[in-house]
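Taken in order, these protein sequences are the chains called P and D.
No gaps in the numbering here: position 211 of the first sequence is 356 in our numbering, and each next residue is one more.
No gaps in the numbering here: position 89 of the second sequence is 234 in our numbering, and each next residue is one more.
Protein chains: 2
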Amino acid sequence: MADPRTRTLASKTAPEAAPPKQVIDFDPCMRCNVREMSVCADLTPDELEHLAEIVTDQTVDTGHAIFSEGDDAGSLFNVTGGVVKLYKLLPDGRRQITGFLFPGDFLGLAVNEQYGYSAEAVEPVKLCRFPRVPLERVMDRYPHMKARLFTMASNELAAAQDQMLLLGRKTARERIASFLLQLQSSAKRRGQPVNPVRLPMNRGDIADFLGLTTETVSRTISAMKRAGVIALREGGNVDVRDQDGLDAIAAGERAEA
Amino acid sequence: MADPRTRTLASKTAPEAAPPKQVIDFDPCMRCNVREMSVCADLTPDELEHLAEIVTDQTVDTGHAIFSEGDDAGSLFNVTGGVVKLYKLLPDGRRQITGFLFPGDFLGLAVNEQYGYSAEAVEPVKLCRFPRVPLERVMDRYPHMKARLFTMASNELAAAQDQMLLLGRKTARERIASFLLQLQSSAKRRGQPVNPVRLPMNRGDIADFLGLTTETVSRTISAMKRAGVIALREGGNVDVRDQDGLDAIAAGERAEA
DNA sequence: CAGGCTCATTGACCTAGATCAAGGCCGAAC
DNA sequence: GTTCGGCCTTGATCTAGGTCAATGAGCCTG
Numbered sequence: 146m147a148d149p150r151t152r153t154l155a156s157k158t159a160p161e162a163a164p165p166k167q168v169i170d171f172d173p174c175m176r177c178n179v180r181e182m183s184v185c186a187d188l189t190p191d192e193l194e195h196l197a198e199i200v201t202d203q204t205v206d207t208g209h210a211i212f213s214e215g216d217d218a219g220s221l222f223n224v225t226g227g228v229v230k231l232y233k234l235l236p237d238g239r240r241q242i243t244g245f246l247f248p249g250d251f252l253g254l255a256v257n258e259q260y261g262y263s264a265e266a267v268e269p270v271k272l273c274r275f276p277r278v279p280l281e282r283v284m285d286r287y288p289h290m291k292a293r294l295f296t297m298a299s300n301e302l303a304a305a306q307d308q309m310l311l312l313g314r315k316t317a318r319e320r321i322a323s324f325l326l327q328l329q330s331s332a333k334r335r336g337q338p339v340n341p342v343r344l345p346m347n348r349g350d351i352a353d354f355l356g357l358t359t360e361t362v363s364r365t366i367s368a369m370k371r372a373g374v375i376a377l378r379e380g381g382n383v384d385v386r387d388q389d390g391l392d393a394i395a396a397g398e399r400a401e402a
Numbered sequence: 146m147a148d149p150r151t152r153t154l155a156s157k158t159a160p161e162a163a164p165p166k167q168v169i170d171f172d173p174c175m176r177c178n179v180r181e182m183s184v185c186a187d188l189t190p191d192e193l194e195h196l197a198e199i200v201t202d203q204t205v206d207t208g209h210a211i212f213s214e215g216d217d218a219g220s221l222f223n224v225t226g227g228v229v230k231l232y233k234l235l236p237d238g239r240r241q242i243t244g245f246l247f248p249g250d251f252l253g254l255a256v257n258e259q260y261g262y263s264a265e266a267v268e269p270v271k272l273c274r275f276p277r278v279p280l281e282r283v284m285d286r287y288p289h290m291k292a293r294l295f296t297m298a299s300n301e302l303a304a305a306q307d308q309m310l311l312l313g314r315k316t317a318r319e320r321i322a323s324f325l326l327q328l329q330s331s332a333k334r335r336g337q338p339v340n341p342v343r344l345p346m347n348r349g350d351i352a353d354f355l356g357l358t359t360e361t362v363s364r365t366i367s368a369m370k371r372a373g374v375i376a377l378r379e380g381g382n383v384d385v386r387d388q389d390g391l392d393a394i395a396a397g398e399r400a401e402a
């Protein structure tokens, strides 16, 4: 399996000349645009400084891997820009996307020293990377960061259970509606416009997330467009025309619409 | 929605007469049969004593609820005997079972003060119950118990991702095979026989766990029986006759068998 | 500004699994 | 020991969504 990952290190924009002994830029965390919604929320400047000592910035291009299932789980990551997809593969190539990550989300939890899924950039991604061992050392000193990680993992678990309900029991129409709602609430959480909701991933990715095929995703979206529930905007973005209708479909309350 | 839960409190078998000031039985945790595989693993006698102060034993009969989705999430539980199913419902009654719990498993993690799923006894269940607030107080004092909880939650998350792959992309045959393998490894972890694997839940529960119908579960099991991969024993238990074949089917490597 | 990508859409048809419908097989109740 | 009520199994049929195939709509690139 070829490894197309990208590792453009892009930290330390400060000049190399001036500072004396050691160059530790503790600013990147201080001015992090997603800090307040990430694992790093609620940390003091002191704690941020300790984090900055171990963090590395990283960018990954569209379609390139961040890590692959089975890789040695050396680091945790925090998404600071772009969109990431997580997925698992069957030997014959069938794929299930287990989640899309947006700025503020973290990834890299592993059970036995290995990542249990692959992670790939859906669009150009910016990450900060925390090597596991030193991160754990820092977290041992600042338990509320660990608590924060636990909370985020619990949220992820709840989302996973919702997704099981979707995959096991919802119709194609309900899946698409639920997905749009997820994107809306995700955008909302990040303070972004909820209505023309951005769809950064392609139909194939949506299909592999919802347990459908690209054709069914396309047909279902067309049908919802025809029914006036949504409209397509440029860039493939989706305008929700009938929010109540969409909510009802997603909940499984409306047979036709 | 009627609430058929059962709350037989069954702690303190010691006589009420003898002891002086306060009766605190710290034995139940000390002699807990599942302690080493539960959240309580690795605790010192001292720590166990603190736990015993807040724990309550509880039994729940087959088919009765432990709690329901949306209930105030007042407690965490540890299964000490029997089997529990967790599930989510759609308004029209469609159900997705998100997991089966066995002795040693815990339940009750919640995101915003409410349980995100319902829990019900598949067969008579014994639990120990930890009220959330005092438990958190205890865990603040003993961080490795929190760490243990985090590890178990991470394992659950990994299992949830496997289940998404199953629900989104596997065939009925692959789902049944994967399910039997799950039961095997769960039994193994608890030191129980792996080969005639016990199937304590009925076909409807299996169906709602695997995103199928009872009929399809039944037919698929019959087909695997006919193919010589498994055999049914009394009590509905399953004898795995061709372990390699079963493994191959579950992984999605074998079209026919 | 034509050729060659990739991705989305739509149509025609097919199939895995759902649905509908009997029976069969217990174990519990009397 | 008969009746009853769950389950489980099996058969017949249906259908939501998959598969196969064609066409269209951007976009790079040269």
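The beta carbon of each residue, even a glycine, is placed where N, CA and C say it ideally should be.
Here the structure is a predicted model, which is why all the values come from computation and not from measurement.
- Under the 8 Å Cβ criterion, the segment 347 to 360 of chain D does not count as touching the segment 390 to 397 of chain D, having fewer than three qualifying pairs.
- Between the segment 303 to 314 of chain P and the segment 303 to 316 of chain D, the count of Cβ pairs shorter than 8 Å is three or higher; the stretches touch.
- Linking residue 346 of chain D to residue 200 of chain P through their CA atoms gives a straight-line distance of about 48 Å.
- Bridge partners of residue 223 of chain D according to DSSP: D:251, D:273.
- For residue 320 of chain D, the secondary structure class from DSSP, reduced to helix, strand or coil, is helix.
- Flagged as an interface residue toward chain P: residue 243 of chain D, by a C-beta distance shorter than 8 Å.
- Per DSSP, residue 302 of chain P lies in no beta strand (DSSP E) segment; the continuous alpha helix (DSSP H) that holds it begins and ends at 288 to 314.
- Shown here for residue 255 of chain D: same chain residues with a beta carbon closer than 6 Å to its own, the five before and five after excluded, namely 218 in chain order.
- Secondary structure within the segment 352 to 402 of chain P: the beta strand (DSSP E) runs of 3 or more consecutive residues, fully enclosed, are 375 to 377, 383 to 385 (chain order).
- Taken in chain order, the members of the segment 288 to 302 of chain D whose beta-carbon sits within less than 7 Å of a beta-carbon on chain P are 288, 295, 298, 299, 300, 301, 302.
- Taking 7 Å as the upper bound on Cβ-Cβ separation, chain P lies near residues 356 of the segment 356 to 389 of chain D.
- Contact between residue 249 of chain P and residue 179 of chain P is confirmed by a C-beta separation of about 4 Å, below the 8 Å threshold.
- Residue 202 of chain P: not part of any alpha helix (DSSP H); member of the beta strand (DSSP E) spanning 201 to 205, first to last residue.
- Counted as a single uninterrupted DSSP element, the alpha helix (DSSP H) harbouring residue 174 of chain P occupies residues 172 to 175.
- Take residue 270 of chain D, set aside five residues on each side of it, and the residues of its chain with a beta-carbon closer than 6 Å to its own are 205, 227, 229, in chain order.
- Using beta-carbon distances, residue 312 of chain P counts as an interface residue toward chain D, with a partner under 8 Å.
- Under the Cβ criterion (8 Å, minimum of three pairs), the segment 273 to 291 of chain D does not count as touching the segment 330 to 347 of chain D.
- Chain P places no beta carbon closer than 8 Å to that of residue 392 of chain D, leaving this residue out of the contacts.
- At least one beta carbon of chain P lies nearer than 8 Å to the beta carbon of residue 262 of chain D.
- Under a 10 Å Cβ-count criterion, residue 278 of chain D is classified as exposed, with fewer than 16 other Cβ atoms of the shown protein chains found around its own Cβ.
- Contact check for residue 264 of chain P and residue 212 of chain P: beta-carbon distance about 6 Å, within the 8 Å limit, so the pair qualifies.
- The beta carbon of residue 237 of chain D falls within 8 Å of a beta carbon belonging to chain P, placing the residue at that interface.
- Contact between residue 252 of chain P and residue 222 of chain P holds: their C-beta atoms lie close to 5 Å from each other, under 8 Å.
- Membership of residue 240 of chain P in the beta strand (DSSP E) is indicated by the continuous run 240 to 246.
- Taking a Cβ-Cβ threshold of 8 Å, the residues of chain D close to residue 397 of chain P are 235, 236, 237, 239, in chain order.
- Taking the C-beta atoms as reference points, residue 322 of chain D is found nearer than 8 Å to residue 395 of chain D.
- At a cut-off of 8 Å between C-beta atoms, residue 254 of chain D counts as an interface residue with respect to chain P.
- Separation of residue 239 of chain D and residue 358 of chain D (C-alpha to C-alpha, rounded to the nearest whole angstrom) is 11 Å.
- DSSP places residue 327 of chain P in the helix class (H, G or I) of the three-state scheme.
- The beta-carbon distance between residue 326 of chain D and residue 383 of chain D, rounded to whole angstroms, is 11 Å. This is too long to meet the 8 Å contact definition.
- Listed in chain order, the non-local C-beta contacts of residue 369 of chain D below 6 Å within the same chain comprise 375, local neighbours out to five positions each way being set aside.
- In this structure, the alpha-carbon of residue 297 of chain D lies about 22 Å from that of residue 241 of chain D.
- In this structure, residue 193 of chain D and residue 175 of chain D form a Cβ contact; the two beta carbons are roughly 6 Å apart against a cut-off of 8 Å.
- A check of alpha carbon separations from residue 373 of chain D across D:257, D:246, D:387 identifies D:387 as the nearest.
- Between the C-alpha atoms of residue 191 of chain P and residue 203 of chain P there is a straight-line separation of about 23 Å.
- Remark: C-beta atoms of residue 235 of chain D and residue 397 of chain P approach each other more closely than 8 Å.
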